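Asker:
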Amino acid sequence: MCGIVGCILKEDEDVAPILFDCISKLEYRGYDSIGLATFSGDKIHIKKDKGKIEEVDKKLNLTDMPGNFGIAHVRWATHGDPSKLNSHPHVDEDSTIAVVHNGIIENYLEIKEKLILEGHVFKSDTDTEVIPHLIQKFMAEKFDLEHAVRKTIDVIKGAYAIAAISKNEPDKIVATRKDSPLIVGIGQDGYYLASDSPAILKYARDIIYPEKGEIVIIDKDGVVVHDEFDNVVNKEIDTINWTPEMAEKEGYDHFMIKEINEQATAVRNTLTQKESIQEIIDDVGDLQRICFVACGTSYHASLTGKYLIESLAGIPTDVILASEFKYSANTLNEDTLVIFISQSGETADSLKALDVANQTSKTLGIVNVAGSSITRRAQYVIQTQAGPEIGVAATKTYVAQLTAIYLFAALISKNAELLKELDKVPDFIDEALESVEQVKELSKRYNYARDFFYLGRGYSYPTALEGALKLKEITYIHGEGYAAGELKHGPLALIDEGIPVVVVIPPGDNYFKTMSNLEEVKSRGANVLAIGSADDESLKAKSSDVIGINAEVKEIIAPLVYIVPLQLIAYYITLEKGHDPDKPKNLAKCVTVE
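Every letter in the sequence shown is one number past the one before it in full-length UniProt numbering, and letter 120, counting from 1, is 120.
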């Protein structure tokens, strides 16, 4: 994840201090580098480098740049290591165009190859650099900046929010978006662009929200928005009355609920990693064994990976807690791929295990933080695209990890049908979020409990474990997840009158056996809260409560969707109990000690 800012002042004052202030407000989004571009005279001035904002500013004095308009960026590396060259803004070969970009250009390699054949010279490893080169190419064909940007977005594929300036059209910023956030601010002293409102609240509270494919042109005289047919769009202006702290949460009460609502985007963005994952699979060659190493939520994602890889690819797969890994290290060999899953990439147990695994086996990191220790030490890296996650209880990083694992399993098994099903998941997640009002009511009835049980079979077993973990982490209610078939082997003795049992029961091969387990606990007085198909009348008849999920969600992809109501249950019960879901006691976002 990263952030962009643009500003043009009405008076001839230097804009760099304002750009610096605005981009600093997006530091919470996560970044590895910072850069600014301003225009003065006949030159685009650029200062950028990798590192923290204060470090780069101390080295480069970012506020000392001439010009009354410009753009700025904090980068979260996706393509290319964090470095000065890979930092934004990016320019064309002759530095006539400067661009900042959030998102991912999926077809950048194809575009880059064509541009190189046409004589363009590239300096960075980023996907973004193709954008200024394309804009320059179209401007050379006599298009103005606005229409050169429009021609460019007709060529590129992926998610983006883009802001561009040109030395040939001074006093103008052109911007557009698709699937990445972009807002426009109207202030007393100037006009602004930003990824998020905290960046510009100090200067502008009147906000315009551009839609996908619209082109925004800002100059000293104001803001104009054009649709895809070049028609002027009369945009509604909203006034934000939030404090900067509230605005960082985009109006949500907590980061956790904000991040739950961002999960469709996290999945959609991570699905763009298909090409890089296929390259890893091609390079790693034949495997005799796969071993996942992880902790906490990442461990549950790994368990789902075991089910997927063994059932689809037939490769023996183990899942080992990172803290227990050393006891299995002697079983590794050169035909084993050890996959380390970590949101932060800095988990101490996982790092120690990775150093051991590197001595004998191929290693792969699935990590959300670019430039973290695991990304530097693992032989291969899959970068999940969840963006920074501030809430301690993992939500969107979990579904992003799952998405990366699903892509890996589908590609290594050459399962085209699963790849098609994955494309449907973001929409299914958005539909699952519509259960929020029902969950709010259920949380009022279920917050009394001292114990919860969560049951699932097959792919739904790890989902049950993750649902129980979310409950424990933030509500402080004891919750246990079990494979549903294990009930008869001890846990059934704990089922008493009124105890809540959450049953994860999607339609599929395991449905009828799971239904039998549901009836076992129901007959012993449990209050059964089932997560299942919205069309399942039998389930509704046999359960105390049912949260319905789209019936088209197949059992194999259910873990990506059915987790959503379980997260919501934990969140709203936490609110009923008066706890802060963003800051659970005794827990940290990144565990850096063993």
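Yeah, the Cβ is synthetic: ideal placement off N, Cα and C, and Gly gets one too. A quick note: this is a predicted structure, and the numbers were derived from the prediction, not measured.
Please return the same chain residues whose Cβ sits closer than 7 Å to the Cβ of P170, not counting the five positions on each side in sequence.
Answerer: Excluding sequence neighbours, P170 sits near F39.
Asker: Report the option in E437, V225, D32 whose CA atom is closest to the CA atom of V184.
Answerer: Ranking the options by Cα distance to V184, first place goes to V225.
Asker: Can the beta-carbon of K47 be found closer than 8 Å to that of S33?
Answerer: For K47 and S33, no; Cβs fall outside 8 Å.
Asker: Per the contact definition of three or more C-beta pairs closer than 8 Å, is the region 492-499 in contact with the region 323-335?
Answerer: Verdict: no, contact absent.
Asker: Determine the burial state of T592: buried for a count of at least 16 other Cβ atoms within 10 Å of its Cβ, exposed for fewer.
Answerer: Annotation note: pLDDT 36 at T592 (below 50); position unreliable, coordinate value reported separately. Result: exposed.
Asker: Since V174 contacts I215 with CB under 8 Å, what's their CB separation in whole angstroms?
Answerer: The pair is a contact, with the Cβ atoms about 7 Å apart (cut-off 8 Å).
Asker: With DSSP collapsed to three states, give me the class of N451.
Answerer: Position check: residue 451 holds Asp in this sequence, whereas Asn was assumed. Strand, per DSSP.
Asker: Does the distance from the C-beta atom of L337 to that of I290 stay below 8 Å?
Answerer: A contact, by the Cβ cut-off of 8 Å.
Asker: Counting along the chain, where does the alpha helix (DSSP H) carrying K258 start and finish?
Answerer: Here the alpha helix (DSSP H) through K258 covers 255-261.
Asker: Would you check if the region 227-235 and the region 394-408 touch, i.e. whether three or more CB-CB distances between them fall below 8 Å?
Answerer: No: the two stretches stay apart, fewer than three of their Cβ pairs being nearer than 8 Å.
Asker: Could you tell me which residues DSSP puts in a beta bridge with T336?
Answerer: Looking at the DSSP assignment, T336 forms a beta bridge with R289.
Asker: Between which two residues does the beta strand (DSSP E) containing P500 stretch?
Answerer: From DSSP, the beta strand (DSSP E) with P500 extends over 500-505.
Asker: Taking the continuous beta strand (DSSP E) assigned at G467, which residues delimit it?
Answerer: Not the beta strand (DSSP E): G467 falls in the alpha helix (DSSP H), residues 460-475.
Asker: For D427, name the three-state secondary structure that DSSP assigns.
Answerer: Of the three classes helix, strand and coil, the one that applies to D427 here is helix, per DSSP.
Asker: Whole angstroms is fine: what's the gap from I105's alpha carbon to A77's?
Answerer: For I105 and A77, the distance between alpha carbons rounds to 13 Å.
Asker: Considering only the alpha carbon of each residue, which of P89, I200, L117, E473 lies closest to S124?
Answerer: Among P89, I200, L117, E473, the Cα nearest to that of S124 belongs to P89.
Asker: Cβ of L9 within 8 Å of Cβ of N61?
Answerer: Not a contact, by the Cβ cut-off of 8 Å.
Asker: Should F138 be labelled buried (16 or more other beta-carbon atoms within 10 Å of its own) or exposed?
Answerer: With 16 or more Cβ atoms within 10 Å of its Cβ, F138 is classed as buried.
Asker: So, for K472: in the same chain, excluding its five sequence neighbours on each side, which residues have a beta-carbon less than 6 Å away from its beta-carbon?
Answerer: Excluding residues within five positions, the ones whose Cβ falls inside 6 Å are G479.
Asker: Classify Q385: buried if its beta carbon has 16 or more other beta carbons within 10 angstroms, exposed otherwise.
Answerer: Per the 10 Å Cβ criterion, buried.
Asker: Any idea what DSSP makes of F138, helix, strand or coil?
Answerer: Helix at F138.
Asker: Between the region 429-437 and the region 559-577, do three or more beta carbon pairs fall short of 8 Å?
Answerer: Yes, the region 429-437 touches the region 559-577.
Asker: To the nearest angstrom, report how far apart N168 and T96 are at their CA atoms.
Answerer: In a straight line, the C-alpha of N168 is about 7 Å away from that of T96.
Asker: Pick from G251, G158, I200: whose alpha carbon is nearest that of T265?
Answerer: Checking every option, the nearest Cα to that of T265 belongs to G158.
Asker: Given a cut-off of 8 Å on the beta-carbon distance, is the pair G70 and C7 in contact?
Answerer: Yes, these two residues count as a Cβ contact at 8 Å.
Asker: In this structure, what does DSSP give as the bridge partners for H73?
Answerer: The partner list for H73 (beta bridge, DSSP) reads I4, G35.
Asker: Using only the alpha-carbon positions, how far apart do V553 and F143 sit?
Answerer: For V553 and F143, the distance between alpha carbons rounds to 46 Å.
Asker: Would you call the CB atoms of residue 610 and R268 closer than 8 Å?
Answerer: In this structure the chain extends from 1 to 594, so residue 610 is not present and cannot be described.
Asker: I'd like to know whether the C-beta atoms of I237 and I186 end up nearer to each other than 8 Å.
Answerer: Against a cut-off of 8 Å, the Cβ pair of I186 and I237 comes out as a contact.
Asker: Please confirm whether I207 and S195 have their CB atoms less than 8 Å apart.
Answerer: Not in contact: I207 and S195 (Cβ atoms no closer than 8 Å).
Asker: Can you give me the start and stop residues for the alpha helix (DSSP H) that L442 sits inside?
Answerer: L442 -> alpha helix (DSSP H) spans 436-446.
Asker: Count the other CB atoms, across all protein chains shown, that sit within 10 Å of the CB of P92; report buried if there are 16 or more and exposed otherwise.
Answerer: A quick correction: the sequence has Asp, not Pro, at residue 92. When all chains shown are included, D92 counts as buried.
Asker: Going by DSSP in three states, I200 sits in which element: helix, strand or coil?
Answerer: I200 falls in the coil class under three-state DSSP.
Asker: Residues in its own chain within less than 8 Å of residue 596 by CB, not counting five upstream and five downstream?
Answerer: Because the chain is modelled from 1 through 594, residue 596 falls outside the range shown and cannot be assessed.
Asker: Would you tell me roughly how many angstroms separate the C-alpha atoms of A588 and S538, rounded to the nearest one?
Answerer: Here the model assigns A588 a pLDDT of 49, short of 50, so the residue's position is not dependable, and the following value carries that caveat. If I take the Cα positions, the gap works out to 42 Å.
Asker: Going by DSSP, name the residue or residues bridged to residue 608.
Answerer: This structure cannot speak to residue 608, because the chain is shown only from 1 to 594.
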